[in-house]
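Everything in the sequence shown is counted per full-length UniProt numbering, starting at 1 for the first residue and increasing by one.
Ideal Cβ positions, reconstructed from N, Cα and C, are used throughout, including at glycine.
As the structure is a computational prediction, the values presented were derived from the model and not from experiment.
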Amino acid sequence: MRYFLDGSFELNNIEQVALRNLYKFRLLTTEQLLFLIYPDLVTDSFPINPRKSEALVWRKNYESKYSRVRRELIGLEKSKFIRSLPYKISGRSALLVFTLDIEKFNLVKDKLDIEPQHIGSGWSDDFGDLSIDFFDFPKRIEHHLDSVNFCIRMQFLSSQFPFMNVIDYADNVYAARTYAHENGSSIKFRPDGEMKIHGFRHEKKNPMPGFHAWIEIDRATESSEHLSQKFENYRGFLMSPTTNEIARPPIILVFTVATTKISRRWNSMFNAYQTNLMNYSPFINLLLCNADNLFQSICSFTERNAMFIKVKQRVVGLAKPEMGFLGAVHMGAVRNSEQDQDLFTSLQLACQDVLGWAPQFVITENTPNRVQLYLFNKFDGYETQGICRALDFMRKRSLLPDELKKVKEIIPVFYFKDGTPVGVPKQIHNCSDEERSFLSRTLWYGTELGTWYDESLKLINGINPLTYGLHQNA
């Protein structure tokens, strides 16, 4: 920081970035500030740093930049721009956490060009004119620090995506909404944050389908009851007329930092979600991620159209008399378009009028008294929408068009990219015996290798998968 004779001063780059991020996130550790100032230091193992024996060059660079950032923070604290407090995290030595100091708080807002009374959206650093009360140390400080670590990890992943992108994040100050409950009371809807990934095919032109999600940080400390309350709050907000006034994300991304296996958390998370979201569960997709599968889960969403094209091409190739198939394919992808010829069939549109979403399916009529419907949905990793849509189709079966009355069996087909599918949760709440039987007949298709699997995840060979159900007991 440089001071001039007239009393003015000039912030250096590190100080500017530090103050901007402290206003954005409100509370940060020294190391978090280091990674926000020098994002090139972030590694795939974040928030755990590489061991010295594995990355001597990285460690030397880290220590040099850490010392410099620490010096600048000491200077900012002496000048009353920021204040610090030691905080003890269980199992670790005490950390210094920083926030803005009230003495220079308004000066920081001036430096950030924040107009008085400006509300701000949180997007693209459009900060609101916040009061100093927002900068008190949070009650759940570890949860807050995990939220910041998630943002830092996403900035690292930005360069890994196979497309140009800009990642934007708004924390819970801006993601929060107030809605009116049906009893007339006002309720606060407050996810941990909201994230957008703007994708581009080249040179930030020709935008491609992006990624927009509410963010929830999960420490696996919440009971099933608390999870239910969380998703009941989501349902209350989605039911509110307020929801129609904003761009609603189609995804809830739950990032778990727990050390327990994600598969164990998946069952309780899925049940709390689908039980409380109810009729919204086919439309809002919950993704459960940890550090190991976050990148793959987001890529799977951004590549969903390409995955579906592979599925359809494979299905069309199998749905031919010479392949031992009799029936019809209903796998259009768009409602109406002058350019795209891949339109929904009339039967898909009729189903959409009932369901609110257009199903992709194949009707197999090889055996007239045992007509089967193969219902295709994406289910790649720990995501809810595929199962929820399959159950939604089953539960509204009696309302579907008369043309489907001839169908005797419905077989869910879930497609995924590669690896081993997660599988249907073993214990689904509020699920009838008929629905459990329906899910027990699930088939799987891996789009990367073009392989089909039966309900026990064994490869299907020698049988046309679109007639597979006819070879099983009714």
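Residue(s) in a DSSP beta bridge with residue i
i	result
K109	Beta-bridge pairing links K109 to no other residue.
T256	D218
T364	G327, Q372
S186	A180
A213	M195, I251
K378	Y415
G469	In DSSP, G469 forms no bridge with anything.
N165	G199
L36	Partner(s): none; L36 has no beta bridge.
D171	G193
I387	Its beta-bridge partners do not exist; DSSP assigns none.
G462	DSSP output for G462 lists no bridge partner at all.
G317	Paired residues: none, contrary to the question.
Y453	W444, L459
T29	V97
V407	V371
L355	Beta-bridge pairing links L355 to no other residue.
V311	Bridge partners of V311: none, in fact.
V148	Paired residue(s): none; V148 is not in a bridge.
Cβ neighbours of residue i in the same chain (closer than 7 Å, five flanking residues each side left out)
i	result
F35	L41, V42, I152
V329	V315, V316, A319, V362
R70	T30
Y87	A94, L95, V97, I141
P359	Q348, C351, L375, F393
P401	L347, A350, C351
G210	K196, I197, H198, G199
S124	D168
K310	T447
D342	G332, A333, V334
T345	H330, G332
6 Å CB neighbourhood of residue i in its chain, flanking five on each side removed
i	result
Y273	F231, L286, T384
K312	M331
R190	N172, A176
I102	I132
S297	L287, C289, G381
M269	L288
E72	I14, E15
For residue j and residue i, believed in contact at Cβ under 8 Å, the rounded distance
i	j	result
E194	P249	7 Å
P465	L439	So it is not a contact: roughly 17 Å between Cβ atoms.
A18	L56	So it is not a contact: roughly 27 Å between Cβ atoms.
M307	T447	5 Å
C289	V257	Wrong, their Cβ atoms sit about 10 Å apart, outside the cutoff.
P425	W266	7 Å
E403	L347	6 Å
I197	N165	5 Å
L157	R20	Contact flag wrong, Cβ pair sits at about 21 Å.
D392	L355	6 Å
L22	I82	6 Å
Y445	Y415	4 Å
residue 483	D136	Residue 483 is absent from the model: the chain starts at 1 and stops at 474.
Y38	K65	5 Å
R389	W357	7 Å
Q372	E322	Not quite, the Cβ-Cβ distance comes to about 20 Å (not below 8 Å), so this is no contact.
G327	T364	4 Å
Contacts around residue i, its chain only, beta-carbon distance under 8 Å, and the 5 residues preceding and following it disregarded
i	result
L459	T451, W452, Y453
R235	N276, L277, M278, Y280
N271	S224, P425, Q427, I428, H429
L443	Y374, I411, P412, V413, F414, W452, Y453, D454, E455, I460, P465, Y468
T260	A220
Q472	R441
Closer than 9 Å to chain D by CB, residue i
i	result
P138	The question asks about chain D, but that chain is absent: this structure has only one protein chain.
Does the segment 143–150 come within contact of the segment 217–231, defined as at least 3 CB pairs closer than 8 Å?
-> At 8 Å Cβ cutoff, the stretches touch.
Are the segment 13–30 and the segment 96–104 touching by the rule of at least three beta carbon pairs closer than 8 Å?
-> The segment 13–30 vs the segment 96–104: in contact.
Mind listing, in chain order, the continuous alpha helix (DSSP H) runs of no fewer than 4 residues lying wholly within the segment 282–306?
-> With a minimum length of 4 residues, the continuous alpha helix (DSSP H) runs that stay inside the segment 282–306 are 294–302.
Do three or more CB pairs link the segment 174–185 to the segment 227–241 at distances below 8 Å?
-> Judged by Cβ distances under 8 Å, the segment 174–185 makes contact with the segment 227–241, as three or more pairs qualify.
Unbroken stretches of the beta strand (DSSP E), 3 residues or longer, contained in the segment 37–77 | Scanning the segment 37–77 from its first residue to its last, no whole beta strand (DSSP E) run of 3-plus residues comes out.
At what residue ranges does the segment 80–143 contain a whole run of the alpha helix (DSSP H), taking only runs of 4 or more?
-> Within the segment 80–143, the complete alpha helix (DSSP H) runs of at least 4 residues are 105–111.
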